[in-house]
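Enquirer: Chains as they are written, first to last, in full-length UniProt numbering: chain H, 1 to 502; chain S, 1 to 502.
By construction, the Cβ of each residue, glycine as well, lies at the ideal position given by its N, Cα and C atoms.
First, the structure itself, so that you have it in front of you.
Number of protein chains: 2
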Amino acid sequence: MYGNTRIRVDWRASAELMGVVLIYFAVPLSFPLLLAVYFEEPLTPFLVAIGVTLALGAGLRRLGDPEENLGPREAFLAVALIWLLVAVVGAVPFVVAGAGTIAHPVNALFESMSGLTTTGATVLVDFSVHDRSIMMWRQLIQWLGGLGILILATAVLSELGVGGAQLMESETRTRNVNKLTPHIAETARLIWGLYVGLTLLAAVVFFVLGLAFDPRMGPYNALAHAFTSVATAGFSPEPLSAGAFHPVLQWAIVPFMILGSTSFILLYVFINGEPRRLLRNEEFRFYVGGLGIFAALVALVLFVTGEQGGAIEPTIRHAVFNVTSIVTTTGYASTDFNLWSPAATYLLFLAMFTGGMVGSTTCSIKSLRWLVALKSLRRELFTSVHPEAVRPVRVSGSPVAEDTIRDVYAYLLLGIVIFVGLAVFVAVDAARVGMDLSAFEAMGAAASTFLNIGPAFGEAGPYGTYAAFPMSTRSVMIVLMWVGRIEMIPVLVLFTRTFWTS
Amino acid sequence: MYGNTRIRVDWRASAELMGVVLIYFAVPLSFPLLLAVYFEEPLTPFLVAIGVTLALGAGLRRLGDPEENLGPREAFLAVALIWLLVAVVGAVPFVVAGAGTIAHPVNALFESMSGLTTTGATVLVDFSVHDRSIMMWRQLIQWLGGLGILILATAVLSELGVGGAQLMESETRTRNVNKLTPHIAETARLIWGLYVGLTLLAAVVFFVLGLAFDPRMGPYNALAHAFTSVATAGFSPEPLSAGAFHPVLQWAIVPFMILGSTSFILLYVFINGEPRRLLRNEEFRFYVGGLGIFAALVALVLFVTGEQGGAIEPTIRHAVFNVTSIVTTTGYASTDFNLWSPAATYLLFLAMFTGGMVGSTTCSIKSLRWLVALKSLRRELFTSVHPEAVRPVRVSGSPVAEDTIRDVYAYLLLGIVIFVGLAVFVAVDAARVGMDLSAFEAMGAAASTFLNIGPAFGEAGPYGTYAAFPMSTRSVMIVLMWVGRIEMIPVLVLFTRTFWTS
Ligand SMILES: [K+]
Ligand SMILES: [K+]
Chain H
1 MYGNTRIRVD WRASAELMGV VLIYFAVPLS FPLLLAVYFE EPLTPFLVAI
51 GVTLALGAGL RRLGDPEENL GPREAFLAVA LIWLLVAVVG AVPFVVAGAG
101 TIAHPVNALF ESMSGLTTTG ATVLVDFSVH DRSIMMWRQL IQWLGGLGIL
151 ILATAVLSEL GVGGAQLMES ETRTRNVNKL TPHIAETARL IWGLYVGLTL
201 LAAVVFFVLG LAFDPRMGPY NALAHAFTSV ATAGFSPEPL SAGAFHPVLQ
251 WAIVPFMILG STSFILLYVF INGEPRRLLR NEEFRFYVGG LGIFAALVAL
301 VLFVTGEQGG AIEPTIRHAV FNVTSIVTTT GYASTDFNLW SPAATYLLFL
351 AMFTGGMVGS TTCSIKSLRW LVALKSLRRE LFTSVHPEAV RPVRVSGSPV
401 AEDTIRDVYA YLLLGIVIFV GLAVFVAVDA ARVGMDLSAF EAMGAAASTF
451 LNIGPAFGEA GPYGTYAAFP MSTRSVMIVL MWVGRIEMIP VLVLFTRTFW
501 TS
Chain S
1 MYGNTRIRVD WRASAELMGV VLIYFAVPLS FPLLLAVYFE EPLTPFLVAI
51 GVTLALGAGL RRLGDPEENL GPREAFLAVA LIWLLVAVVG AVPFVVAGAG
101 TIAHPVNALF ESMSGLTTTG ATVLVDFSVH DRSIMMWRQL IQWLGGLGIL
151 ILATAVLSEL GVGGAQLMES ETRTRNVNKL TPHIAETARL IWGLYVGLTL
201 LAAVVFFVLG LAFDPRMGPY NALAHAFTSV ATAGFSPEPL SAGAFHPVLQ
251 WAIVPFMILG STSFILLYVF INGEPRRLLR NEEFRFYVGG LGIFAALVAL
301 VLFVTGEQGG AIEPTIRHAV FNVTSIVTTT GYASTDFNLW SPAATYLLFL
351 AMFTGGMVGS TTCSIKSLRW LVALKSLRRE LFTSVHPEAV RPVRVSGSPV
401 AEDTIRDVYA YLLLGIVIFV GLAVFVAVDA ARVGMDLSAF EAMGAAASTF
451 LNIGPAFGEA GPYGTYAAFP MSTRSVMIVL MWVGRIEMIP VLVLFTRTFW
501 TS
């Protein structure tokens, strides 16, 4: 009762929710446990993690109170801390297994947070020292992170109106889906079913194509890459990422990255007999169009600079694959794009700031926000000439509220400010320890972690490792992967005094 | 009359205004003419230019009609085309003189536009081949550009509400200045007096310190650097820029760059007995504070990387001078900062996006816009927690209208979008011709020209030349220096159909 007199957040409501999620987290942890049994690898990493998550979960439920009211503040607190605690528990197997760079707690937390946030930036150096069960856990965390963000994006953030996320809500609520699924829980169930279905489809497609074209794509790799393509997450048990596989498999991965970045609500509607709602959706067209333009520009630059010796299929494939990987924020690589010319790498860097559609597993800014902002810019030019005119900004025919436009702008600016701050920190921290890092590489690593892409340039390249950065940089990146993934606001508000006291 | 049935802009009103300005432009052109007489250098470059400007001016006045109404559209048209035509006329002496790189028309226009927009990016390669009258013309164009932008910023853009410029208007109108200067023409006269006074003060200070410390700072250089420091413009007749002079002179230039970037309205009020209005102004504090933070960070990096062998005065001087030069958008250099470590050059790159105060000669985004945007971001965090709360954003105590906040956001985003577009063009164009240009150098050159700073990194470094870029890149830069200087909107609206027809 003492707490309630000063702290005005019903934190017991948040603790209850956190406790429930942590207890459920024991279920996925049993999958790598079964794999470890099958491969005859040590079981302790997963047994310890299951013990930790159950103990933490039970403890939080004891502290928690299901009767308290879960308002916006309690939801922000729960969302932010769930992501943090699950990342901590997810790191336990890496530390207990004790192999390679991720035996160190900071690296383990980096890898786990990078996984859970579907970033896919790795501090692994030698992939061969890790057990298959550990490597699959790394893939599964990403898939769980993708699921978590789907539920967060479709059911929670839209309710809280974070950075224009209410726009997606109007898409959900005002049309047919409304009648089909009156409750958030129902929406979540539909989306979860679609997510599982897409993942299984990807696994089957990869496995069958593997049988035909590439023995390295066995059942293990098919499942591992299904997990991290549909989640637009990007970890791969292969040090060469998608570059380890036959070109046909690289092409096969592309549509699953695109589907993972498409609004799951609209995908659901598409499957259920209303394909036009997706195909006519302005955000979808903007996202796919932007992806196409970036891919064409990169292909052009690769042709001009003769990157693939002028060969047509490899040039187009590497342009399409890596641009799709970056735009969808997956982070796979079909080749070391780090070695491309400055013009091509610069285009990839810019593509990092786009992202797929709101209501998907994609990260970064997302197409809807860019679309609203650019449409609002066009309107601004119009009203400069006609100051007296009133003309709402419309997306897919519906007017966008002026408050929402301001939210979107604020979100974009906040993202840019945090990105720049991180880039400065990375550059100055590297100078401090004498690490050879160019300004562009600092920006790339900052964007790629904060926007949850994964690979960047230089040491952080797709075939490189973030273990090359100083410990202090890696620690700050852990925090900013977390901040970036849950759309910044839920974490940042925790650091305002008004959150706790007013 | 035919024109009026389809084109709905009273372009004859714009033509009249353009004609008047071009005729007046003959007056400053007679200054280098007199210098040429004094130095016994060719007179034709300036005689031809005077002839061209008088002929163009008279022609436009014939087309024009002083009776037609000068509304927002006509003002945009006149502003945009005046800047363009004056730059064209300003280039004539360079072409007629026929010496060095600027004998080529595109280079001459680049140098002239870079001058008039107070950018200070140069395509000169060998400074020694040019007459002193030509080099002084280059300085004088910058000073005229500074004056032009002062009048535009205080009298025109605030009326048209470009990108939140109306905020400055409220500062002007609602307080004492209102009573002092009820008419725009009167405001312009006060500001013009202050501008001339500051320039003369700078010239005297530089000349006197030159007598005491450095014979290279004679009357010619004192006037040349007075012109381009108060105008935050950055051209120098010395290939080493401020690095050619004694440290005391470098220190002496710093306050004039800062004054040139301070609101001239508030400077006027300061001199006239109300210093507190400047010192308590939130934009002023934000601008000076930001400058201080950047300078401290750069000094820190220079110490850590041992750039000046650890010597204290040179380290602090070079950090303060070059950061001030970039933040105020002047573009002088006291040393080749291009050779600094990535962390230091990256900080300079970021400083390019700040700028001084609205209502000064400064370029770039300007502090007021950042202040409004960041305050609005803070408010956004507050309303995330308290969705029901209404809390206006305040600057220096006055609430900022929500429309204005949206204008500011739109302006920031538009600036970023155009910057990114130019950077992509520069990078891809360099790749096309096989020019060795890093992604960071492409971004630096794009920011430095579009935001009217001047020098950047690599070939575009403070001791380098933009002549190293392909002709196509230089041509696009000419356009974007123009677009950037007059705050984008007046040019961009000309390319919308609604401007001409509705
Ligand atoms: K990713
Ligand atoms: K400048």
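1) For a test of your reading of the model: does the CB of Asn-452(H) fall under 7 Å from any non-hydrogen atom of ligand 1? Yes or no.
2) Please tell me whether Thr-119(H) and Ile-453(H) are closer than 8 Å, where the distance is taken between their beta carbons.
3) Quick check on Val-476(S) - is its C-beta less than 8 Å from some C-beta in chain C?
4) Spell out the partners DSSP gives Pro-42(H) in its beta bridges.
5) Counting only Cβ pairs nearer than 8 Å, list the residues of chain S close to residue 589(H).
6) Among Ile-258(S), Leu-152(S), Val-88(S), Pro-237(S), which has the Cα closest to the Cα of Thr-199(S)?
7) Can you tell me the Cα-Cα spacing of Thr-465(H) and Val-129(S), whole angstroms?
8) Is the CB of Leu-17(S) under 8 Å away from at least one CB in chain H?
9) At which residues does the alpha helix (DSSP H) containing Pro-93(S) begin and terminate?
10) Just to check, is the beta-carbon of Cys-363(S) closer than 7 Å to a non-hydrogen atom of ligand 1?
11) Say the cut is 7 Å; is the CB of Ala-233(H) nearer than that to a heavy atom of ligand 1?
12) Using only alpha-carbon positions, find the residue among Arg-216(S), Glu-16(S), Ile-365(S) that is nearest to Pro-66(S).
13) To the nearest angstrom, report how far apart Pro-215(H) and Ala-460(H) are at their CA atoms.
14) Rounded to a whole number of angstroms, what is the C-alpha to C-alpha distance between Ala-202(S) and Val-230(S)?
15) Could you say which of Pro-28(H), Val-248(H), Arg-432(H) lies nearest to Ala-49(H) if we only look at CA atoms?
16) Find out if the Cβ-Cβ distance for the pair Tyr-220(S), Arg-132(S) is shorter than 8 Å.
17) Short of 6 Å in beta carbon distance, which residues of its chain neighbour residue 508(S), apart from the five on each side in sequence? Order them along the chain.
18) Taking all protein chains shown into account, do 16 or more other C-beta atoms lie within 10 angstroms of the C-beta of Arg-474(H), making it buried, or fewer, making it exposed?
19) Would you say Thr-330(S) touches ligand 2, meaning its beta carbon is less than 7 Å from a heavy atom?
20) Would you say Pro-342(H) lies against chain S (beta-carbon separation less than 8 Å)?
21) Can you check the region 367–438 of chain S for any alpha helix (DSSP H) of at least 4 residues that lies completely inside it and give the ranges in chain order?
22) With DSSP collapsed to three states, give me the class of Val-177(S).
23) Please determine whether the Cβ atom of Thr-119(H) lies at a distance below 7 Å from any heavy atom of ligand 1.
24) Taking only the alpha-carbon atoms, compute the straight-line gap between Ala-55(S) and Val-393(H) and give it to the nearest angstrom.
25) For a contact defined as C-beta to C-beta under 8 Å, what are the partners of Val-376(H) on chain S?
26) Quick check on His-318(S): does DSSP put it in helix, strand or coil?
27) Do Phe-349(S) and Ala-13(H) have their beta-carbon atoms positioned less than 8 Å apart in this structure?
28) Counting C-beta neighbours from all protein chains within 10 Å, is the total for Glu-171(S) 16 or more, i.e. buried, or is it exposed?
29) If you count every other CB in all the chains shown that lies within 10 Å of the CB of Thr-335(S), and 16 or more means buried, which is it?
30) Residues of the region 193–217 of chain H with a CB closer than 7 Å to any CB of chain S: list them in chain order, please.
31) My output table needs one value for Trp-340(S): the three-state DSSP class, helix, strand or coil.
32) Taking only the alpha-carbon atoms, compute the straight-line gap between Met-1(S) and Met-113(S) and give it to the nearest angstrom.
33) Out of curiosity, what's the CA-to-CA distance linking His-318(H) and Thr-305(H)?
34) Along the region 425–439 of chain H, where does the CB come closer than 8 Å to a CB of chain S? Name the residues.
35) Starting from Asn-107(H), trace the alpha helix (DSSP H) both ways and give me its first and last residue.
36) Can you tell me where the alpha helix (DSSP H) with Glu-16(H) in it begins and where it stops?
Expert: If we stick to the structure as given:
1) The answer is yes for Asn-452(H).
2) Yes, they are a contact pair.
3) Among the chains of the structure shown, chain C does not appear; the protein chains present are H and S.
4) Note: Pro-42(H) sits in no beta bridge, so no partner.
5) In the structure as shown, chain H begins at 1 and stops at 502. Residue 589(H) is therefore absent and cannot be evaluated.
6) Measuring C-alpha to C-alpha distances from Thr-199(S) to each of Ile-258(S), Leu-152(S), Val-88(S), Pro-237(S) identifies Ile-258(S) as the nearest.
7) Rounded to whole angstroms, Thr-465(H) to Val-129(S) spans 52 Å at the Cα level.
8) No, Leu-17(S) lies away from the interface with chain H (no Cβ there is under 8 Å from its Cβ).
9) Looking at the DSSP string, the run of the alpha helix (DSSP H) that includes Pro-93(S) is 72–97.
10) Every heavy atom of ligand 1 is 7 Å or more from the Cβ of Cys-363(S), so no.
11) Between ligand 1 and Ala-233(H), a heavy atom-to-CB distance of less than 7 Å is present.
12) The shortest Cα separation from Pro-66(S) among Arg-216(S), Glu-16(S), Ile-365(S) belongs to Glu-16(S).
13) When rounded, the distance between both Cα atoms is 29 Å.
14) One Cα belongs to Ala-202(S), the other to Val-230(S), and the distance between them is close to 8 Å.
15) Proximity to Ala-49(H) across Pro-28(H), Val-248(H), Arg-432(H) peaks at Pro-28(H), based on C-alpha coordinates.
16) It is a contact, given that the beta carbons lie within the stated cut-off.
17) Past the boundaries of the shown model lies residue 508(S); chain S is included only from 1 to 502, so the question cannot be answered.
18) Buried, because 16 or more other Cβ atoms sit within 10 Å of the Cβ of Arg-474(H).
19) Checking the Cβ of Thr-330(S) against ligand 2 gives yes.
20) Chain S, which has a Cβ nearer than 8 Å to the Cβ of Pro-342(H), makes this yes.
21) Correct list: 367–385, 402–433.
22) Below a pLDDT of 50, predicted positions are generally treated as unreliable, and Val-177(S), at 38, falls in that range; the measurement from the model is reported next regardless. Assignment of Val-177(S) by DSSP, reduced to helix, strand and coil, places it in the helix class.
23) Checking every heavy atom of ligand 1 against the Cβ of Thr-119(H), one is found closer than 7 Å.
24) Their backbone Cα atoms lie some 46 Å apart in a straight line.
25) Note on identity: in this sequence residue 376(H) is Ser, with Val being the wrong assignment. Per Cβ cutoff of 8 Å: Arg-406, Ala-410.
26) His-318(S) falls in the helix class under three-state DSSP.
27) Going by beta carbons, Ala-13(H) and Phe-349(S) fall outside the 8 Å limit.
28) Confidence at Glu-171(S) is low in this model, with a pLDDT of 39, below 50, so its placement is unreliable and the value that follows should be read with caution. Around the beta-carbon of Glu-171(S), 16 or more other beta-carbon atoms lie within 10 Å, marking it buried.
29) Buried.
30) Cβ contacts with chain S come from no residue of the region 193–217 of chain H.
31) Trp-340(S) falls in the coil class under three-state DSSP.
32) Only weak support exists for where Met-1(S) lies, its pLDDT of 35 falling under 50; the coordinates are left without a value.
33) Their Cα atoms are separated by approximately 14 Å.
34) Within the region 425–439 of chain H, those residues whose Cβ lies closer than 8 Å to any Cβ of chain S are, in chain order, Ala-427, Val-428, Ala-430, Ala-431, Arg-432, Leu-437, Ser-438, Ala-439.
35) Per DSSP, Asn-107(H) belongs to the alpha helix (DSSP H) from 105–116.
36) Note, Glu-16(H): alpha helix (DSSP H), 11–24.
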